[in-house]
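Quick notes on the structure that follows.
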Amino acid sequence: MHEFTYLGDAAYRRPDPQAPDALEAFVEAVHTRVNPAGIHEELWYHGSGCRSWLKVRRDTRTHEIHGASFANPETTR
Amino acid sequence: MSGQPNRIAGGLVERSRTLAFTFDGKAYIGHEGDTLASALLANGVKLVGRSFKYHRPRGIMTAGPEEPNALVELRTGARREPNTKATVAELYDGLDAQSQNRWPSLDFDVGAVNSLLSPFFVAGFYYKTFMWPASFWEKIYEPAIRRAAGLGRVSMEADPDHYEKAYAYCDVLVIGAGPAGLAAALAAGRSGARVILADEDFSFGGRLLGDRREVAGMAGSDWAGQAVAELASLPNVRLMRRTTVFGAYDGNEFGLLERVSDHLPVPPRHLPRQRMWRVVARRAVLASGAIERPIAFGGNDRPGVMTASAVRTYVNRFGVAPGRRVTVFTSSDDGWRTVADLRSAGVAIEAVIDSRRVTNEALRESAAKGGTRLIEGGSVIATKGAKALSSITVADANGGTHEITTDCLAVSGGFNPNLAVTTHLGGKPRWSDDVSAFVPSNPPAHITVAGSVTGRYGLADALRDGATAGADAAAGLGFAITPAEPLPCDDDHVAVSPLWHVAASKEKAFVDFQHDVTVSDVALAEREGFRAVELLKRYTTLGMATDQGKTSAVTGHAIMAALTGQPMEKVGTTVARPPYTPVAIAALAGHHRGKDFKPTRLTAGHAWAVRQGAVFTEAGQWLRAQWFPRPGETDWLQSVNREVKAVRESVGICDVSTLGKIDIQGPDAGEFLNRVYINAFAKLAIGKARYGVMLREDGFVMDDGTTARFGETHYVMSTTTANAGPVMMHLEFCRQVLWPELDVQLVSVTEQWSQYAMAGPNARRVLERLLGDALDVSNEAFPFMGVAEFAWRGVPTRLFRISFSGELAYEIAVPARYGEALVEALMEAGRDWDITPYGTEALSVMRIEKGHVAGGELNGQTTAADLGLGRMMSTKKDFIGRVLAGRPGLADPDRPTLVGVKPVDPSQRIRAGAHVLGKGAEAVIANDEGYLTSVAHSPILGHWIGLALVKRGPERHGEIMRAYDPVRGGDTEVELCSPVFYDPEGTKHHG
Amino acid sequence: MADVTLSARPAFHGLMMPVGEVSAPGVRVSERTDLSLATVIARRGRGAAAREAAATRYGLTPPDRAMWAAADGLTFVSTGPDAWFAVREGGGYELAGELRSALGEAASVSDQTDGYAVLWLSGPRIRDVFAKGIHLDLHPDVFPVGAAAVTDAAHIGVILWRLADRAADEPVFEVAIFRSYAGSFWRWLSSSAAEFGLAVDA
Amino acid sequence: MRYSGFSVFMQALNRHKGWKPTWRDAAPKPSYDVIIIGGGGHGLATAHYLAKVHGITNVAVIEKGWIGSGNAGRNTTIIRSNYLLPGNEAFYELSMKLWEGLEQDVNYNAMVSQRGVLNLCHTDAQRDAFARRGNSMRLHGADAELLDPEGVRKLVPFLNFDDARFPIKGGLFQPRGGTARHDAVVWGYAHAASERGVDIVQNCEVTGFLREGGRVVGIETSRGTIRANKIGMAVAGNSGRVAEMAGFRLPIESHVLQAFVSEAIKPMIPTVVTYGAGHFYISQSDKGGLVFGGDIDGYNSYAQRGNLPTVEDVCEGGMSLMPAIGRVRLLRSWGGIMDMSMDGSPIIDHSPVDGLYVNSGWCYGGFKATPASGFCFAHLIATGRMHETATAYRLDRFATGHVIDEKGVGARPNLH
Ligand SMILES: Cc1cc2nc3c(=O)[nH]c(=O)nc-3n(C[C@H](O)[C@H](O)[C@H](O)COP(=O)(O)OP(=O)(O)OC[C@H]3O[C@@H](n4cnc5c(N)ncnc54)[C@H](O)[C@@H]3O)c2cc1C
Ligand SMILES: NC(=O)c1ccc[n+]([C@@H]2O[C@H](COP(=O)([O-])OP(=O)(O)OC[C@H]3O[C@@H](n4cnc5c(N)ncnc54)[C@H](O)[C@@H]3O)[C@@H](O)[C@H]2O)c1
Ligand SMILES: Cc1cc2nc3c(=O)[nH]c(=O)nc-3n(C[C@H](O)[C@H](O)[C@H](O)COP(=O)(O)O)c2cc1C
Ligand SMILES: [Zn+2]
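Residue numbers (UniProt numbering), protein chains in the order written: chain L, 1 to 77; chain G, 1 to 991; chain R, 1 to 202; chain A, 1 to 416.
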């Protein structure tokens, strides 16, 4: 675990900074969390390895991992 | 040195090897293969400890890790180890043990008066008392309670031994090497799977060592030896003796503790005392056996009262008779095994008390054969004996009582599966009425249970279960299994009728021996509403001692069930947590202590700085030269003042290699920088550097640094030393997650370069001499903020004209292996100008004189505007943090903002961390207007100066305020001023 | 002055002392000071192109899994998706520039010749030593010759790859660490290898 | 039932037969004036102060398990008021004052032990940051002393002063800080609240909310529907789940924090010590166990247990700071679910739903807050207004930017 760093919800998208409601959208995106008890798709950084950001599906009640993929959609391997 | 009065024939100890040891200063002997407990018993020592609360005399109760009573301080000096269980401490020559929790001696312990006061010292009494007067708690009551509590003493010296950690991987981890575990390891090992077999004991065999059983036509212990020999011959099997599996963790990982050297007086050279393993096992077979439980009756804690299986173990495995006139008190068939084994060993049996009507004819006959007195349907209600058992009182089924003289009472209350490891990942055990015990239910998918831990207590069950579990685990992983014949063995009697507590007892009947929790404490908890077993535990401390309730918890829960009239499945049991048995803290730290706590990063010029006598400071994991004292300088300030003056007046050099350097490449590198920095970068000219500030998305400043452009698609960003890692992670996040559409690549090149700052009016002269014609460094050819890459003395070299000090300054970088050569060359080239190495302290003085922000200001709580950098925030583009930096709380003009401060009386010292209050304002928080972020003594100005964040600071230059620093006795009038104390026009660095 | 050459100081200079019983050492170690190193990261969507360009120019295909590939003294060690650690025998600072021109627009390249220190390690007990700090299964079936990994060793980041065995029971690994960690890495390595005997090869 | 040395003595004569339950184990009534969800320290304290300060006694505390089964029953028991930022320091100092009178207030000995809290520093910059904090505490009227290395050595002579990777440069000492017996705090508040008529309902899990006209008017539970006009949630690590039931989300993530206790040993550590160069803090319980902890595991979790890397990290910190604990054995480890907020500071406020109030975001420092949290939450629920000492703990501070970020790490809950 310690080779990886957890960040948070993988659904995070940077809001459109030009949108009229950008401020509320950023407040929400940066601070509000789903925090589910169950399957959570979340971001992890493989800092002391390949430095990839990963999307990991994990059950927050059991820590069971149900799959992982690269967060960067363009990473093929 | 006395003989061993209770050593009898037989057993597995090595009688030819005699080991000398001492207990409480008295000398004894034992044999190789003994535990401290078996050796003490062999020598007739019965009293070995005192209980936690009442200081009751206690002896040896078990023969394993469940031992609640026989705890000792093992070894002496810095190696003293409190609370060691004598039952698992392997005897070695020269072993030195002390009893604990007694004063002045084990025999005469003043604390035993607590026993007289026990009517008051019931569970939880302290919650209801000691409240008045309030001030007495810390001074009187608590120290008394603290002194009385606790068991052994810590040496208070650093642990001198060495510890290690290691990782291992296997297909099948077999936990426990009793019959079930051995059978499992054989089945899996023969298939070719990678097997690890771990047992906490120093000999493999489990109950086969303590019992007289037959397997495959031979003595059980011989069969175990044979099985171990076969396993040892398999290259794919690793045998780990003295190794406890202490916990199950996520990702199929298990924590193991290997006691590498605990059976030796001191660890051999180059070997650790203990080694903690993290084992990743695709499958695990838990064959951890079962633990016999005592019965709660009056005086059941007297030395000489033992579990029946332990009595058997001492006789069969260790060749020791725990008593000369033994009585057996059982509620299970297993107690009868003890009867049989004692008889075979020729130990006199006074009586057998079976709480049941003995329906098993075979058992009755076996008793009759030996002429032993049998009391059916009876129970022990009291015991006698000052410091060791001398007699017991037995109530029979008809209400009669019998006084029986005996020096050892073997008690068998049935077994509890040793299932802790199955619950570490969250599983809950299930109550089984069949075996009157909690058994594993739904262990994690990768763990199979086998043998007694399942609640099937027969030997045949163990052998069969083990073989099946081992084979299934291997087969499940694709290994080919050759079916094996079931191993024949002698038959089992395993029936039990639970007897938790003998109600007729008047005396204290102990449930948790170590913590002195009695049946009446459980009843009191019930009365006061602490009925949930977890509340019962916390109120009475039942099961919270060093044995973690291995012999007590379930009994306590059963008594609660009876009191509340609830069935056991409803009452449940408390949660077991890792570690299964206690683990030395040093073992969990391993190599990483002292200087090796965290790695140390050293720059290429470190050895050179050491030779100059530098004083070093921590900067994250790096060590940086803080200043370079010269002979005659008596305090750091002298050195630092000299270094600053040298730079301001001539030239100095400073190792800046620790700053983060990130190569940013790719067609979109400029755009990328534009998005992460608040100011624009895309149009930075090649060959130029620019200062940049980046925010977090929440609008606060994250880091700053200069970024240089070396090519069309190549930038090099510098970060602060502390933030190099976090910035890298942030940038990778931006690149991979936020903007995968940008074609940009990042890599840390921090370590490639050894980089020195050279600053001072003579810097260019030194550089010219150093570089010769490798580069034209004239102001015209290489102006402020210029950067260049070139070859110098055959190595690639980078030069940056950037200045943190405010002087004419450069940073020069060469590949790190030449770092030491570079600094030597710089010193050589600067000799005529008295070039002076300076450290981080002088660096800091000069940047404060220039009003440059650094760690004290970049504390994660400041905005760009707070730092006077608000105008850098581009209005023409978006960037990380722009939107949220506009929140009212961040844009508030009242926020503390960067100013300079200087003491009104120039002789006075100010310090960072002082708060800024209005002049003459009362020292209360309402008057707090800011604080000093960084302070330095300016040798140029001749007084202390500081940077501060003060409400509306920039509008208040000239105002006199108060730098209030009560924790250091400081209270100084200061004047707010411009944060730029030195060369405000900036002519120097342009020069 | 300009004609003076600079003297190089290897990362492990002065650190490498044998430990324990070294008549038949469990582990042998030496520092590779003769290597040129570079990080190579494919440009966006150009992983295949980068690998092809390397194949054309060097006759080896940088692996797309946790492996290394080598030809003519040049090795590409995979360090992540479309990222490699390039190692060339012989030394000097030309490797990065050469790779840059060989791979063109397909990859970004950074010189790391002095950024990392590389140790060569071998011996029958080398895996037991690695087991004391590296959370990775190095069993020969799982980590065969040709395998590579990026991970931590005792809190220090490492790039690790397995070369061809020297002899039966003499596996060979190379390990690259950031240069500044050499002292701490050596403290861990030497204390971990002490029980097996650690010999230092010139 | 009144507790005292005298009552213990009298009961002893009676073989302790006369003791009554410490609190009444109530069955839920159909409706209450106020329902508090969560029978942890905060929920029970809220009930106590509602009854005592505001005279509101028709109150139920609804607990899904047994009281204290959450973080109240599993924390490292450190109490202190050594905060830096104004919103926090005043609040925790109020809490400290309430701790100082707690036992007499609730008639239960919670063993509040003001043995001092020592935070060590290891660089000059860290020392200056501590000075800033200590000065802030003094300005708030709290106690704080900045110790030099000699001062530290006097207090805790067996630290690693000689062979340390990060040398000890001094420490910030708060003599009034210390520990309290965590379970007794829960039982004490339950006792006092129950004595004033509050219903403490155990084994009753809230599963949903009853709504009328956009406001909540009751709760659905595993033991039926219970109505109330005002409902306060004080469910710590479960805040996200309960908020979800009410239809809103919070700036909170649930993370696992482990804690550890060693075998009991004779008195060794006289005060609370926290390491400034690693994640490690330690004190010794009155029973003799070393109670210690470190950083959270760092990932979202409801599992109430953690993993080995964190255990190792904590023990590495412990060994590098206190090499004399090496041969002391770790006895037990466990985990709790931390309500980590986005700035590391708590929330006591109206929720977005009428009738429902939020008490959350305590991160791993909420035990020390228990009295003040209950006090201020009770005030809010009773009066509808924020208590003046807790005004900074507004939910909208993330929108306005008035965040209270002691560590300066921003919206990274696992770094707080
Ligand atoms: C390991 C650890 C160490 C810590 N160390 C310290 C420390 O040293 N100092 C310090 O100040 N703080 C510390 N803390 C933090 C502190 O314990 C918590 O912040 C504080 O206890 C939280 O408040 P509480 O007591 O009310 O929460 P809890 O005790 O968690 O109470 C919440 C209650 O709500 C109940 N609940 C949840 N959902 C529902 C539902 N749907 N229906 C009904 N009931 C429900 C739970 O069962 C629980 O009992 C630590 C925490 C942990 C886990
Ligand atoms: N007649 C009865 O009522 C009864 C009851 C219980 C057991 N038994 C007998 O006990 C034997 C059971 O065989 P078994 O193999 O199931 O158990 P076992 O008790 O023989 O072996 C268990 C082994 O596991 C080891 N162990 C336990 N936990 C461990 C851990 N966490 N890490 C490392 N080692 C650990 C122990 O040291 C022990 O050697 C049979 O002979 C059976 O007849 C009989
Ligand atoms: C301050 C404190 C001291 C503790 N001391 C002990 C102890 O001496 N023995 C013990 O077994 N557990 C002790 N525990 C841990 C509890 O047994 C238990 O693990 C913890 O309350 C979490 O509950 P759980 O493990 O049942 O989930 C202690 C817990 C705390 C918070
Ligand atoms: Zn990876």
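Using N, Cα and C, we set each Cβ at its ideal position, and we do this for glycine too. Small disclaimer: the values here were computed from a predicted structure and weren't measured.
DSSP three-state assignment for residue i, whether helix, strand or coil
i              : result
E67 (chain G)  : coil
G171 (chain A) : strand
E3 (chain L)   : coil
Y299 (chain A) : strand
C170 (chain G) : strand
C376 (chain A) : helix
Per-residue contacts from residue i into chain R (C-beta, under 8 Å)
i             : result
F70 (chain L) : P81
Beta-carbon proximity of residue i to residue j, cut-off 8 Å
i              : j              : result
S48 (chain L)  : F70 (chain L)  : no
V227 (chain A) : L210 (chain A) : For the sequence presented, residue 227 (chain A) should be read as Arg rather than Val. Closer than 8 Å, so yes.
V272 (chain A) : G177 (chain A) : yes
D663 (chain G) : Y756 (chain G) : no
G170 (chain A) : C204 (chain A) : no
V950 (chain G) : E929 (chain G) : yes
P267 (chain A) : Q284 (chain A) : yes
L499 (chain G) : S379 (chain G) : yes
Exposed unless 16 or more other CB atoms sit within 10 angstroms - verdict on residue i
i              : result
N398 (chain G) : exposed
H66 (chain L)  : exposed
N442 (chain G) : exposed
V113 (chain G) : exposed
G920 (chain G) : exposed
D165 (chain R) : exposed
A2 (chain R)   : Only weak support exists for where A2 (chain R) lies, its pLDDT of 46 falling under 50; the value from the coordinates is given anyway. So A2 (chain R) counts as exposed.
Per-residue contacts from residue i into chain A (C-beta, under 8 Å)
i              : result
R278 (chain G) : L308
E42 (chain L)  : Y299, N300
Within chain L, the residues that residue i reaches when beta carbons sit closer than 7 Å
i              : result
G45 (chain R)  : E74
G157 (chain R) : S48
Sheet register partners of residue i (DSSP bridge)
i              : result
G946 (chain G) : G:V901, G:V935
Partner residues on chain G for residue i, Cβ-Cβ distance less than 8 Å
i             : result
Y45 (chain L) : M729, E732, F733
P17 (chain L) : D878, R882, V883
Proximal chain L residues relative to residue i, where beta-carbon distance stays under 8 Å
i              : result
Q736 (chain G) : S52, W53, F70, A71, N72, T75
E697 (chain G) : R14, F26, V30
Contact list for residue i against chain G, beta-carbon separation under 7 Å
i              : result
L119 (chain R) : Those within 7 Å of L119 (chain R) in chain G number zero; the least Cβ separation is about 15 Å.
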